[in-house]
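Asker:
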Amino acid sequence: MLEILYYPESNRGPVRDHLTQLAKERPKAFARLALDLEVLGAEGLRSQQITIRPLGDKLWELKRLYDGIQYRVFFGVWKGAAWLLHSIEKKSAKTPKDDLELARKRLREVMA
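Position one of the sequence shown corresponds to residue 7 (this note's numbering), numbered consecutively onward.
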């Protein structure tokens, strides 16, 4: 079981803002991502119900394809919590390096 926290203040931040906007614009996609995050919290990194993959150095990626759009939530695992660091709607096969670097930077801040 993992506590779900939002960078930088545990309950608000850029991922929360993105999800709030998504709830307004695409409520069904938001509902799927919200359920995925709930499963992550309940079952942790070993869950077979969601698609996650390690990106190295305690950084992970939660993947959700919905209605032809690839959603990604980058999170770090630190002290029993999954810190939601950054989220994107992916438009190409490769994740933009700037997005990965931003997630890594935020994870370093959480771990400091």
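Where is the CB? At the ideal position from N, CA and C, for every residue including glycine. Quick caveat: nothing in here was measured; it's all calculated off a predicted structure.
Let me know if Ala-109 comes out buried or exposed under the rule of 16 or more other beta-carbons within 10 Å of its beta-carbon.
Answerer: Its Cβ being crowded by 16 or more others within 10 Å, Ala-109 is buried.
Asker: Which residues in the same chain have their Cβ closer than 8 Å to the Cβ of Asp-73, if we skip the five residues on either side of it in sequence?
Answerer: Hits under 8 Å: Arg-32, Lys-34 and Ala-35.
Asker: Just verifying my parser: in three-state terms, what is the DSSP assignment at Pro-60?
Answerer: In the structure shown, Pro-60 sits in a strand (DSSP, three-state: E or B).
Asker: Taking just the CA atoms, how far does Trp-89 sit from Arg-22?
Answerer: Cα to Cα, the separation comes out at about 11 Å.
Asker: Given a cut-off of 8 Å, decide if Glu-9 and Gly-86 are closer than it, judged by their beta-carbon atoms.
Answerer: Yes, Cβ-Cβ distance for Gly-86 and Glu-9 is below 8 Å.
Asker: Could you tell me the alpha carbon to alpha carbon distance between Val-83 and Ile-58, rounded to whole angstroms?
Answerer: So the two alpha carbons sit approximately 12 Å from each other.
Asker: How about Arg-112 and Tyr-13: are their beta carbons less than 8 Å apart?
Answerer: Cβ atoms of Arg-112 and Tyr-13: closer than 8 Å.
Asker: Distance, Cα to Cα, Gln-76 vs Ala-40?
Answerer: Rounded to the nearest angstrom, the two C-alpha atoms are 15 Å apart.
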